[in-house]
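**Student:** Got a structure for you, questions after.
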Amino acid sequence: MSLKIAFCASNAPIAQAALAGLTRRYGNHAEEGADVIVALGGDGFMLHTLHRTEALAVPVYGMNRGTVGFLMNEYSEHALEERLGAAERAMINPLSMRAHRSDGTTHVALAINEVSLLRAGPQAARLAIHVDGKLRMPELVCDGALLATPAGSTAYNYSAHGPILPIGAEVLALTAVAAFRPRRWRGALLPKPAEVTFEVLDPGKRPVMAEADSQSVRDVVRVDVRSEPSISHSVLFDPGHGLEERLIREQFV
């Protein structure tokens, strides 16, 4: 019995051309009731697809029609059903962000890669960091700070000199972005169930924005972040090219 495959693609011409070719060859089922969703694009489109389909109990297999493609498999129209049948599965829990703004509103979002706080003006941000209600960093003067999942540890976190985390690690990476004070703070590894609160110390003079996988909230005064175990994203990879292998390989380039 053949797999029921639902294809989706980014707006990039190369992704749309791949969608047309794959649809001609394998058909295109509705996502509801499909055995697997195949996302065609780059990492950004893959994150968008995972967020969009989080309510469906359907695994997502990405094929790279973008640039970096860390979360994607190599593109090929050949033997797709065989590749899907042999694929390795990785389960990813997102982060939950509650961003409280200066106007009293609260915005809730999920992040598969990371939640980041970034300065939104010419001056550095001043942040206090609480972990499970306990003040751990009274003042961090920086361009920003972020909390990353293992799946997101090779993205913005790695660019900010944070650690790469094994995909099965029960930890989160807390990383500063261009820290001015304390200069030598190297961040922290926190237990996965920890709740992290970023408090903006001078929001009027030093405005800060929060982002959850590129979902932006401006003028935040406090941001609460924790892992969301009730939501699991199922991502498929070709054998020998799963997230675990990619995370290890990334550290030797």
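Residue 216 in numbering that gives the first Met the number 0 sits at position 217 of the sequence shown, with consecutive numbering throughout.
Backbone N, C-alpha and C fix where the C-beta goes; we use that ideal spot for every residue, glycine too.
Could you please give the first and the last residue of the uninterrupted beta strand (DSSP E) stretch that includes Glu87?
**Tutor:** Its beta strand (DSSP E) spans residues Glu87 to Ile91.
**Student:** Tell me the residue span of the beta strand (DSSP E) that contains Ser115.
**Tutor:** Element bounds for Ser115: Glu113 to Arg118.
**Student:** Tell me where the beta strand (DSSP E) around Pro12 begins and ends.
**Tutor:** Careful: Pro12 lies outside any beta strand (DSSP E), inside the alpha helix (DSSP H) at Pro12 to Tyr25.
**Student:** Give the straight-line distance between the Cα atoms of Gly32 and Ala127, rounded to the nearest whole angstrom.
**Tutor:** Gly32 and Ala127: Cα-Cα distance of roughly 46 Å.
**Student:** Would you grab the beta carbon distance between Arg221 and His99 for me? Rounded to a whole angstrom, and I think it's under 8 Å.
**Tutor:** Arg221 to His99, Cβ: 4 Å. Contact.
**Student:** Does the beta-carbon of Ser95 have 16 or more other beta-carbons within 10 angstroms, so that it is buried, or is it exposed?
**Tutor:** Ser95 comes out buried.
**Student:** Give the DSSP-derived three-state secondary structure of Met45 in the structure shown.
**Tutor:** Correct three-state label for Met45: helix.
**Student:** With H, G and I counted as helix, E and B as strand and the rest as coil, what does DSSP make of His50?
**Tutor:** It is helical.
**Student:** Leaving out five residues before and five after Gly256 in sequence, what residues of the same chain have Cβ atoms less than 7 Å from its Cβ?
**Tutor:** Only positions 0 to 252 of the chain appear in this structure, which leaves residue 256 out of reach.
**Student:** Around the C-beta of Met90, are 16 or more other C-beta atoms found within 10 angstroms, so that it is buried, or is it exposed?
**Tutor:** Counting Cβ neighbours within 10 Å, Met90 comes out exposed, since fewer than 16 surround it.
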